[in-house]
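Input: a single structure, listed below in structure tokens.
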Amino acid sequence: MYAPITLFENDRHFSHLSSLEREMTFRTEMGLYYSYFKTIIEAPSFLKGLWMIMNDRLTEYPLVINTVKRFHLYPEVIIAFWYRIFVGIMNLFGLETKTCWNVTRVEPLNEVQSCEGLGDPACFYVAVIFILNGIMMGLFFIHGAYLSGTQLGGLITVLCYFFNHGEATRVMWTPPLRESFSYPFLVLQMCILTLILRTSNNNRRHFIALCLSNVAFMLPWQFAQFILFTQIASLFPMYVVGYIEPNKFQKIIYMNMCNLICFTLSSSQIRLSDLIAARILRYTDFDTLIYTCAPEFDFMEKATPLRYTKTLLLPVVMMITYFIFKKVFKIFILIFHTLQLLAFTVLAILIMRLKLFLTPHMCVMASLICSRRLFGWLFCRVRFENVIFGILAVMSIQGCTNLHNQWSIIGEFNNLPQEELIQWIKYNTRPDAVFAGAMPTMASVKLSTLHPIVNHPHYEDADLRARTKIVYSTYSRKSAKEVRDKLLELHVNYYVLEEAWCVVRTKPGCSMLEIWDVEDPSNTANPPLCSILLKDARPYFTTVFQNSMYRVLKVN
18 MYAPITLFEN
28 DRHFSHLSSL
38 EREMTFRTEM
48 GLYYSYFKTI
58 IEAPSFLKGL
68 WMIMNDRLTE
78 YPLVINTVKR
88 FHLYPEVIIA
98 FWYRIFVGIM
108 NLFGLETKTC
118 WNVTRVEPLN
128 EVQSCEGLGD
138 PACFYVAVIF
148 ILNGIMMGLF
158 FIHGAYLSGT
168 QLGGLITVLC
178 YFFNHGEATR
188 VMWTPPLRES
198 FSYPFLVLQM
208 CILTLILRTS
218 NNNRRHFIAL
228 CLSNVAFMLP
238 WQFAQFILFT
248 QIASLFPMYV
258 VGYIEPNKFQ
268 KIIYMNMCNL
278 ICFTLSSSQI
288 RLSDLIAARI
298 LRYTDFDTLI
308 YTCAPEFDFM
318 EKATPLRYTK
328 TLLLPVVMMI
338 TYFIFKKVFK
348 IFILIFHTLQ
358 LLAFTVLAIL
368 IMRLKLFLTP
378 HMCVMASLIC
388 SRRLFGWLFC
398 RVRFENVIFG
408 ILAVMSIQGC
418 TNLHNQWSII
428 GEFNNLPQEE
438 LIQWIKYNTR
448 PDAVFAGAMP
458 TMASVKLSTL
468 HPIVNHPHYE
478 DADLRARTKI
488 VYSTYSRKSA
498 KEVRDKLLEL
508 HVNYYVLEEA
518 WCVVRTKPGC
528 SMLEIWDVED
538 PSNTANPPLC
548 SILLKDARPY
558 FTTVFQNSMY
568 RVLKVN
């Protein structure tokens, strides 16, 4: 827990930021999720706050949506409840929950108040996330120790995780993402499943625990059901060849399938399978390009296997995999973990974000270097501890360098253009003025100004994708009148135009203009609308605010 907290603090100097600056650090969908936590804790009562986010009209104005169900906000509901209980108890006993002071900032920034302690909502929120991920490290140790049959296996799992920390998690940079809440419960689920597969008796409590961990894994994250599907796919070949008892296999399948069916009934969500199919078939449209042009949804970097190799993780796992298949009839229980590793490898190659599953599972598999069932022939000739600590010593050469590089990242959050934008919106527009713009910016506008917005970063819903396509047409070659008319249909009063979005290009074919040329080839001969609006937005829009990054256009 200490490591991600320190990295997070070093990167942002989070403890010395004002409340507004802390909110601005929660970019894109992180800000959206945190805004609902903020709504609940600022409401007159917990139930009133819960009702407000279940009947929300600010997020997709003028629609009223249940954001708890749509955005999987169960963690925010629970944390907000804990926060209100914590603050209530501390106030009852007259105990201080936070310490505040004034922070002088460099010109032209004004002095701001900064508070530190669990009484500060943002500090409490991220603290719960880091505690959960700290508990996850204990689960990794247990899983590695149980799988390998020795506590040294648990130690290897944890050390490999830290040696490859940058490839294993993003929690230290992006705490509020759904994976930060969901993945620890997958680790728990894998521990329980390993126990079930290893024991001969079908203990009812184990299957109940498996079901509960499945639910806890799936509730916070929209992509979780696909991961459970890969688990079923990994178990099925073992059942076919008779490695798993039919009764045990049926119970595991019932537990997983019941959860999968419950969470995949909605047909309006982009699923991970859709993105993978688009990647394999090279199918492109506006929606798939918005996803696949994001770096985290790109193919795995070519340098990633090299980074695994430098810490000795990849060579060790490949050797273990070889010996598992060589002794398949003697240690068939490990086949499941190997098949799961292959599934995670394919997913991570196709979508870089899914290294989240591959790297930690490789660390768990690395614990098997201590397994006497795999390497008993070696440990009979060479002292067991000498082999293990020799491997750890080689791993630590690059591993310690990786840790040092991460701990050397020292920064301080500062986003003056966005702060100016938010302050202008707060004090120069009506509270019911409706905004549209780039998805990441709209999350910040909703969080910090409480103004209604028409689009946001949770891009999975079909209706929201259609809305965002209309909003992003300002970066196309359509006419200003056509775009203005479409925005008025969405009841938009102000549009936040970002000059960088007119020209930014993360990779070939991924600028907004190039995406629109694929989607709307009939207008490719027209000039870009964004350039026209930057020169003179009239008569369909009026520029009412601008700085180095943003322009606010009033829709006429």
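Numbering (the working numbering), first residue to last: 18 to 573.
Glycine residues also receive a C-beta, built at the ideal position from the N, C-alpha and C atoms.
Please read all numbers here as calculations on a predicted model, not as lab measurements.
Judged by DSSP secondary structure, Phe-180 falls within the alpha helix (DSSP H) whose first and last residues are 168 to 180. The residue from Thr-191, Val-520, Ile-269 with its alpha-carbon nearest to that of Arg-370 is Thr-191.
With respect to the C-alpha of Leu-420, the residue from Asn-181, Thr-446, Gln-440 having the closest C-alpha is Asn-181. When C-alpha distances from Asn-273 are compared across Ala-233, Thr-560, Ser-217, Lys-443, the shortest belongs to Ala-233.
DSSP places Phe-558 in the uninterrupted beta strand (DSSP E) bounded by 558 to 563. Only buried fits Trp-533, as 16 or more other CB atoms lie within 10 angstroms of its CB. Cβ neighbours of Phe-158 within its own chain (closer than 6 Å, five residues either side excluded): Gly-171, Val-175. The Cβ neighbour count for Trp-238, taken over all protein chains shown within 10 Å, is at least 16; the residue is labelled buried. Among the bridge pairs identified by DSSP, Arg-568 is matched with Leu-514, Gln-563. With contacts defined as CB atoms closer than 7 Å, Ser-384 and Ile-173 qualify as a contacting pair. In the displayed model, Cys-132 falls within a strand according to three-state DSSP. Per the C-alpha coordinates, the member of Lys-65, Trp-394, Arg-390, Ile-386 positioned closest to Gly-407 is Ile-386. Close CB contacts of Leu-507 within its chain, under the 6 Å cut and outside five residues either way in sequence, are with Val-471 (chain order).
Our two residues, Val-188 and Leu-149, have alpha carbons roughly 11 Å apart in a direct line. Two segments are said to touch when three or more pairs of C-beta atoms, one from each, lie closer than 8 Å; by this definition the region 439 to 447 touches the region 460 to 478.
With a minimum length of 3 residues, the unbroken runs of beta strand (DSSP E) contained wholly in the region 51 to 136 fall at 116 to 120, 129 to 133.
Taking a contact as a CB-CB distance under 8 Å, the pair Glu-515 and Leu-551 does not count as one, their CB atoms being some 10 Å apart. In the structure shown, Ala-554 falls within a coil segment according to DSSP collapsed to helix, strand and coil. Taking 7 Å as the cut-off, the beta carbon of Thr-560 is found no closer than this to the beta carbon of Asn-573.
One Cα belongs to Ile-82, the other to Asn-72, and the distance between them is close to 6 Å. Pairing Leu-570 with Tyr-492 gives a Cβ-Cβ distance that is not under 7 Å.
Under the criterion of beta carbons closer than 8 Å, Thr-45 and Ala-483 do not qualify as touching, at roughly 20 Å. Per DSSP, the beta-bridge partners of Gly-454 are Val-513.
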